[in-house]
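As structure tokens, the structure follows; a few thoughts come after it.
In this note's numbering, the protein residues as written are -18 to 91.
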């Protein structure tokens, strides 16, 4: 299993689109995502960032659970195929879930 976290904020190119164009784009992207990933991709949470220390850099984020690392790559491919990065400045993170102890041990071992 993989946990995927995406963070993003809109670009000027996104803001220049009309609301109907934005809606059409997001509808098309959502359909393509479901078609490619199927029901095994679990959307855990989507939210708007309200932390005043980071809202300038990151406005939105999502958390997914994917059964395989390959599915994370497939998700990124869908975004790339639909020019997501033209509309949003994005960072993505994914990996196998660990316990807090395991991750903190990695910190010590750096």
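Built from N, CA and C at the ideal position, the CB exists for glycine as well.
Spatial neighbours of residue i in its chain, beta-carbon cut-off 7 angstroms, leaving aside the 5 residues before and after
{"i": "residue 18", "result": "52, 55 and 56"}
{"i": "residue 59", "result": "13, 14 and 17"}
Among the options, the one whose alpha carbon lies nearest that of residue i
{"i": "residue 45", "options": "39, 20 and 62", "result": "20"}
{"i": "residue 75", "options": "2, 14 and 47", "result": "47"}
{"i": "residue 63", "options": "-4, 5 and -15", "result": "5"}
{"i": "residue -15", "options": "32, 72, 38 and 11", "result": "72"}
Residues near residue i by beta carbon distance below 6 angstroms, same chain, minus five either side
{"i": "residue 50", "result": "-17"}
{"i": "residue 43", "result": "-13 and 27"}
Rounded Cβ spacing between residue i and residue j (contact assumed at less than 8 angstroms)
{"i": "residue -10", "j": "residue 41", "result": "7 angstroms"}
Contacts around residue i, its chain only, beta-carbon distance under 8 angstroms, and the 5 residues preceding and following it disregarded
{"i": "residue -8", "result": "67, 68, 69 and 70"}
{"i": "residue -6", "result": "67 and 68"}
- Run through the region 21 to 89 for me and flag every whole beta strand (DSSP E) of 3 or more residues, listed as ranges in chain order. 23 to 29, 41 to 47 and 69 to 76
- Query: If you scan the region -12 to 12 from start to end, which runs of the alpha helix (DSSP H) of 4 or more residues do you find wholly inside it?
  - Reply: -7 to -3
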